[in-house]
């Protein structure tokens, strides 16, 4: 999954980008896009959906069937 995510990050930057030179605003935008994007490993829910569910029902009640 890490290599796939690295590839997605590449869609937002050119090869050889020094991320120490990328603004926090741009990194926050990319992070937001990743956090609202559905993932197969989360049953096609987004990480934000899972987080909101955790705070809504309590962490002990979350049931994720699709973790690998």
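Numbering (the UniProt record's numbering), first residue to last: 1 to 68.
Think of the CB as a built atom: it goes at the ideal place given N, C-alpha and C, for glycine as much as any other residue.
Residue from the options with nearest C-alpha to residue i
i          : options           : result
residue 88 : 39, 45, 30 and 41 : Any answer about residue 88 is impossible in this case: the structure gives the chain only from 1 up to 68.
residue 46 : 11, 7, 35 and 54  : 35
residue 5  : 33, 48 and 50     : 33
Residue i in three-state terms, based on DSSP
i          : result
residue 51 : helix
residue 15 : coil
Own chain partners of residue i with C-beta closer than 7 Å, once the 5 adjacent residues on each side are dropped
i          : result
residue 18 : none
>> Could you tell me which whole beta strand (DSSP E) segments of length 3 or greater appear in the segment 18-48?
In response: none
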